[in-house]
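Residue numbers (the working numbering): 120 to 339.
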């Protein structure tokens with residue numbers, strides 16, 4: 120006599136799970152969002168790195184210091200925020216399924232203990248902040264790039280960007296009439312060097328560049 124087959128066999132169970140609608144999975148997940156603040160300057164940090172416990176998920180803040188994790192398992196979650204030049208910050212919150220939890224983090228605040236210091240002088244705060252921003256942008260950039268603070272090399276003659284970038288490795292400047300005009304990167308001519316401002320291509324206004332593609336930076 121052949122024994123009856125059980126309905127809940129392994130293949131049927133796998134098929135049943137795979138057929139669950141996305142809403143069933145979302146029922147056990149929520150979302151997490153918040154902002155990251157630089158407590159020293161009172162400004163929100165852009166491009167700060169925010170990770171969940173274990174480092175399985177990470178996000179970067181936008182220009183307003185906001186971050187968001189759209190899918191987080193329900194329950195208690197530990198969050199860590201880091202930014203170059205500032206001590207990291209951690210926090211915890213409870214994520215409820217189907218809802219959005221909010222957790223704001225502050226970096227650069229004083230610790231809970233008492234620290235006694237000798238006499239000291241505070242200086243170059245603005246310069247260090249600019250350098251830290253540049254280092255952080257370069258560190259977490261999605262591609263290979265070099266980020267430099269605008270005050271890294273001191274005063275720039277006439278505000279010409281060509282006089283600024285000539286200090287960067289791999290960059291050569293073409294001069295015309297005593298002015299820095301073209302930018303050459305790794306021996307690539309200036310006619311093939313794209314220059315953008317906030318993501319938009321910069322057009323040259325030079326009178327002797329009617330048909331060329333070179334951007335005369337002294338005219339920008």
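Glycine is no exception: its CB is placed at the ideal position from the N, C-alpha and C atoms.
Predicted model, so just to flag it, every value in this text is computed and none were measured.
Identity of the residue in the options nearest residue i by Cα
| i | options | result |
| --- | --- | --- |
| residue 186 | 161, 151, 157 and 338 | 151 |
| residue 161 | 190, 209, 202 and 227 | 227 |
| residue 263 | 269, 254 and 172 | 254 |
| residue 278 | 266, 300 and 202 | 300 |
| residue 317 | 178, 155 and 182 | 182 |
| residue 310 | 164, 336, 236 and 200 | 336 |
| residue 248 | 175, 267 and 168 | 267 |
Local conformation of residue i per DSSP, three classes
| i | result |
| --- | --- |
| residue 168 | strand |
| residue 255 | helix |
| residue 290 | strand |
| residue 150 | strand |
| residue 320 | strand |
| residue 278 | helix |
| residue 250 | helix |
| residue 132 | Unreliable positioning characterises residue 132 in this predicted model, as indicated by a pLDDT of 44, which lies under 50. The coordinate reading is nonetheless provided below. Helix at residue 132. |
| residue 310 | helix |
| residue 173 | helix |
| residue 223 | coil |
Sequence-distant residues of the same chain with beta carbon closer than 7 Å to residue i, five excluded per side
| i | result |
| --- | --- |
| residue 189 | 150 |
| residue 281 | 292, 299, 300, 302, 336 and 337 |
Beta-ladder partner(s) of residue i, from DSSP
| i | result |
| --- | --- |
| residue 299 | 294 |
| residue 239 | None, per the DSSP bridge assignment. |
Presumed contact (8 Å Cβ cut-off) between residue i and residue j, rounded CB distance
| i | j | result |
| --- | --- | --- |
| residue 193 | residue 216 | 4 Å |
| residue 209 | residue 222 | Not quite, the Cβ-Cβ distance comes to about 10 Å (not below 8 Å), so this is no contact. |
Contacting residues, own chain, Cβ-Cβ under 6 Å from residue i (five flanking each side not counted)
| i | result |
| --- | --- |
| residue 155 | 164, 167, 180, 184, 200 and 224 |
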